[in-house]
Amino acid sequence: WVEPGTFTMGSPTSEAGRGTNEAEHNVTLTKGFYLGKYEVTQAQYQAVMTGNTSGLSATPSDFAGNPNRPVEKVSWEDVQVFLTRLNAAEQAAGRLPQGWRYVLPTEAQWEYACRAGTTTVFSHGNSLSSTQANFKGTLPYGGAAAGPNLQRTTDVGSYAANPWGFHDMHGNVWEWCADWKGDYPAGSATDPTGAASGSERVRRGGTWASFGHFLRSAKRDENPPGDGGNIVGFRLGF
88 WVEPGTFTMG SPTSEAGRGT NEAEHNVTLT KGFYLGKYEV TQAQYQAVMT
138 GNTSGLSATP SDFAGNPNRP VEKVSWEDVQ VFLTRLNAAE QAAGRLPQGW
188 RYVLPTEAQW EYACRAGTTT VFSHGNSLSS TQANFKGTLP YGGAAAGPNL
238 QRTTDVGSYA ANPWGFHDMH GNVWEWCADW KGDYPAGSAT DPTGAASGSE
288 RVRRGGTWAS FGHFLRSAKR DENPPGDGGN IVGFRLGF
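In structure tokens, the structure reads:
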């Protein structure tokens, strides 16, 4: 459970690796929400997607056969099929309270949970090492080597959680968000949901194949909603 609150979204102009689309601005989230403490796993994805009528594989991952690793090779559009099936199953089982549903988090919700009350480059500080996240292994923070490059996903929860209990917000796989990619507002925002339309959907968090600066809490990335490779997965909001 994530309590409502206000935080500074984006990054200061002095942050190494910063993108030009990360203008700092205050964001207020007026409603609390649940967020998965882990990325959705291969086993979870298979359980929901087996028997789907959309012609989608229930076992799409390049690193298949590892039930506790995050599912990958899923597009934003694939995730919408997953969400529809999951919500229908949970409603049929009587486990979906009135007015609640499983969703992708908004970009603002994602960064709020990733930062977990911190203002540093990463939720655990201004540096990063291979003991803290699964990533490619080179980064412009502190000049130190980051350690081994695993070149693959790892089981969810293999690294310590952030201050609010979320694992792998940095690294492992990119995570789809609900939003269309767009510019941040010029001023403060309340419950933002991104651009009204667009050609690409937001993804966050970096990946096993990313250099360290792609794992920053403020880093924004995007892909067409029909694309999905072995570096892209997702995390459930509720």
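So for the sequence shown, this note's numbering puts the first residue at 88; every next one is plus one. Heads up, the beta-carbon is just placed ideally off N, CA and C, and yes, glycines get one too. Note that the coordinates shown come from a computational prediction; the quantities given were computed from them, not determined experimentally.
Does residue i come out as helix, strand or coil in the three-state DSSP assignment?
i, result
"W263", "strand"
"G324", "strand"
"G92", "strand"
What span of residues does the alpha helix (DSSP H) with residue i cover, start to end?
i, result
"E177", "163-179"
"R404", "Nothing can be reported for residue 404, as the shown portion of the chain is limited to 88 through 325."
Just grab the DSSP bridge partners of residue i for me.
i, result
"F209", "G212"
"T277", "T115"
"P157", "T128"
"A282", "W267"
"V319", "W261"
Between which two residues does the beta strand (DSSP E) carrying residue i extend?
i, result
"R79", "Residue 79 is absent from the model: the chain starts at 88 and stops at 325."
"N310", "308-310"
Taking the alpha carbon of residue i as the point to measure from, which residue in the options has its own alpha carbon closest?
i, options, result
"G324", "G292, F298, S304, W263", "W263"
"A200", "H300, A134, M256, Q219", "M256"
"F321", "N236, L302, W197", "W197"
"G119", "W88, G204, A103", "W88"
"Q167", "G212, L183, R188, E109", "R188"
"V243", "G123, K268, T171", "G123"
ask   = Where are the alpha helix (DSSP H) runs, 4 residues long or more, that stay fully inside the segment 105-142, in chain order?
value = 129-136
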